[in-house]
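Protein chains in written order, with our numbering: chain A, 119 to 590; chain B, 14 to 264.
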Ligand SMILES: Nc1ncnc2c1ncn2[C@@H]1O[C@H](COP(=O)(O)OP(=O)(O)O)[C@@H](O)[C@H]1O
Ligand SMILES: [Mg+2]
């Protein structure tokens, strides 16, 4: 029997236990969703390197770990103290904690959140607002194509429902802190959190979704986050992925935008042994703006994989995707970015680049930017680069008396700053910059790193893209 | 201060410098003029230690040391400074951090205590006045989004802060309007001391009205074909480089 089949059975048998025990009280419609997820999962199976979407990401190290579903059966002690290093200071009174896939009110603090904002356990919401959940939940998740999205759907139970009602502008950033941990007895645990973020018409919000884990803990988070940005609504969203080196992460973000909406997403991917980020945006209305930027930094034996899709299904929308990577040590990075421009999506303006700074000759990058255009009146560019430190820049810095080590640090942070500048909120940008510096200092062993500064009050969106190399 | 003897250098396998001899003493200002592509920037970059240029022959003694034994940062620490013809943008790193890091490395090398943030800021503000730069540039990323003229001015600011023994200015005048040119020249003149020296690389005579050189050298096709005093620059202005090129061909 092929190995991947054996692994499937293992996850299938855990599913029997899951559905007959703790999760059995779910409403019937949710059980149907699960069953469909499970059958998709069984049909798809775990991918090998022969699978088109997994050519460069070998998940065998993940499959080898005997993860158990993080049910109530396993004791996991998590305290506020354990979470506090991962709480974003601006969200200290507006964050919710999800521990191994289960919403935890006792570890959350929502005291600064305006009362109009609805945020709570998805499991409770399913009982409270079944109609709303039936309308939105799992409507656009690619369970039929993505095995991990299917598996998450099979184990659909809890996570966060966040709803920003019509015309509400939430100033305070909201953090969703996703924490995973092995059991106290050392059993490796897998969890399947599902978050649903709804911005109704005209709503504005900033959301930070953080994935963290106990540092040495062996855990797998198979997460799905569904985001709906209603008409004329605007969401600034950061996915911050910094689980520990023994953790695994497979996550799908599925964004659906209605007309005249804006979604500004940033993927900060620093953590895990193997991390796979599927980030998908479906632009389903006219005059939308979609930004999907990000930075990954890989060190040691890490592998971080980004697969992104921006799907222009309506005319007169613009999208920008700038994803950069700093790839070091023995690590690997994978980027696959697809932009679809459907036939009716005339006047689409879409730009995509992936730039990689390769800091070790043992590290590898596999990058594939892709454009599929079916409309004729569009402006689209894309491109990718992989290269070492620019010798001219290095020379310039050294010519001011700064040694090799510090010069490399200066240019590396500069490379990162060229994408974090796209984060609109200044405090959030600073927070992300700080995490980057810490990652470079701790894992890439760079010393004497400068604090990142950004050009004041600059409108980066269009101007400096024109300076980037790109081809269509 | 610096003695260049029979310097030959290649770039991309092609010989660009074909035997340069030049001595610069403390207190002197030397101008190097010459047509485009004659090797002026190559000379400047070789002296500063750009790794793309390969020295194939000759030696350079800088302040008693063999220059080619030193890495670029060590040359800077020893007091060599190059104002680049094309300054590099460094996003994400503030001008003040960059300058402070450089200055403190140089101070460390000279056995001086590093300046703390307050002391450095005071120094920086003084020097910015000298080149009439707005204080908003302190916290802007190095050269990012600067106009051509602002970049050149920023080079002079760096020079003013780092206080080199030997400053090499590579076409610092190009792209400057007349007011900016005066400010830059003024800055350079104010920084001149009996114990330092400057090599001013330029294409036009214009700058030399403001920075008066003690010696002028004409570089053509990788060789110094003529040397003289500041009158030579005026001559060149009147008769162009062709006359010296012809002279070089005859010689
Ligand atoms: N990095 C380089 N790679 C290839 N050729 C170069 C490089 N730098 C300079 N050159 C060549 O060397 C010659 C001298 O250039 P340069 O020193 O810049 O002249 P100048 O500064 O006098 O205008 C030119 O022919 C130029 O094309
Ligand atoms: Mg030149």
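Note that beta-carbon positions come from the ideal geometry of N, C-alpha and C, so glycine has one too. A quick note: this is a predicted structure, and the numbers were derived from the prediction, not measured.
In the three-state DSSP reduction, residue 541 of chain A falls in the coil class, being neither helix nor strand. Within chain A, the residues whose beta carbon sits less than 9 Å from that of residue 171 of chain B are 518, listed in sequence order. Residues of the segment 55–89 of chain B whose Cβ lies closer than 9 Å to any Cβ of chain A, in chain order: 58, 61, 62, 63, 64, 65, 84, 85, 86, 87, 88, 89. The beta carbon of residue 344 of chain A sits closer than 6 Å to those of 314, 372, all from its chain and outside the five residues before and after it, given in chain order. Residue 464 of chain A carries a coil assignment under DSSP once its states are collapsed to helix, strand and coil. Runs of the alpha helix (DSSP H) lying entirely within the segment 200–279 of chain A and spanning at least 4 residues, in chain order: 240–246, 248–254, 265–272. For residue 408 of chain A, the closest of A:466, A:549, A:302 by C-alpha to C-alpha distance is A:466. Residue 285 of chain A sits in coil when the DSSP states are folded into three classes, being neither helix nor strand. Identification of residues in the segment 167–192 of chain B having a C-beta nearer than 9 Å to some C-beta of chain A yields 171, 175, given in sequence order.
Here residue 92 of chain B is near residue 178 of chain B, since their CB atoms are less than 7 Å apart. Taking 7 Å as the cut-off, the Cβ atoms of residue 275 of chain A and residue 236 of chain A do not count as close.
Taken through DSSP and simplified to helix, strand or coil, residue 19 of chain B comes out as strand. The closest heavy atom of ligand 2 lies 6 Å or more from the beta carbon of residue 243 of chain B. For residue 514 of chain A, the closest Cβ of chain B is nearer than 7 Å. At a Cβ-Cβ threshold of 7 Å, residue 143 of chain B and residue 200 of chain B count as neighbours. Under the Cβ distance rule, residue 528 of chain A counts among the residues neighbouring chain B, one pair being separated by less than 7 Å. The beta-carbon of residue 535 of chain A is placed less than 7 Å from the nearest beta-carbon of chain B.
Here the segment 294–308 of chain A lies against the segment 178–193 of chain A, with 3 or more beta-carbon pairs under 8 Å apart. Taking a contact to require three or more Cβ pairs closer than 8 Å, the segment 478–493 of chain A and the segment 512–529 of chain A do not qualify as touching. For ligand 2, a non-hydrogen atom lies closer than 6 Å to the CB of residue 54 of chain B. Proximity of residue 49 of chain B to chain A, defined by a Cβ-Cβ separation below 7 Å, is not satisfied. Remark: the shortest separation between the CB of residue 375 of chain A and any heavy atom of ligand 2 does not fall under 6 Å. At a Cβ-Cβ threshold of 7 Å, residue 251 of chain A and residue 244 of chain A count as neighbours. Taking C-beta atoms as the reference points, residue 44 of chain B and residue 210 of chain B fail to come closer than 7 Å. Here the C-alpha atom of residue 420 of chain A lies approximately 30 Å from the C-alpha atom of residue 291 of chain A. In the displayed model, residue 450 of chain A falls within a strand according to three-state DSSP.
Just so you know, the alpha carbons of residue 449 of chain A and residue 418 of chain A end up roughly 6 Å apart. Ranked by Cα distance from residue 397 of chain A, the first of A:433, A:127, A:439 is A:439. Against chain A, the CB of residue 124 of chain B has no partner CB under 7 Å away; the residue lies outside that interface.
In this structure, residue 49 of chain B has its beta carbon less than 6 Å from a heavy atom of ligand 1.
B:137 is the residue among B:158, B:137, B:243, B:34 whose C-alpha sits nearest the C-alpha of residue 175 of chain B. The beta-carbon of residue 95 of chain B is placed less than 7 Å from the nearest beta-carbon of chain A. For residue 470 of chain A, the distance from the CB to the nearest heavy atom of ligand 2 is not below 6 Å. Within the same chain, and ignoring the five residues on either side of residue 230 of chain B in sequence, the residues whose Cβ sits closer than 6 Å to its Cβ are 45, 237, 240. For the segment 104–128 of chain B, the beta-carbon criterion of a distance under 8 Å to any beta-carbon of chain A is satisfied by 104, 105, 106, 107, 110, 111, 112, 114, 115, 116, 118, 119, 122. Just so you know, the alpha carbons of residue 433 of chain A and residue 284 of chain A end up roughly 25 Å apart.
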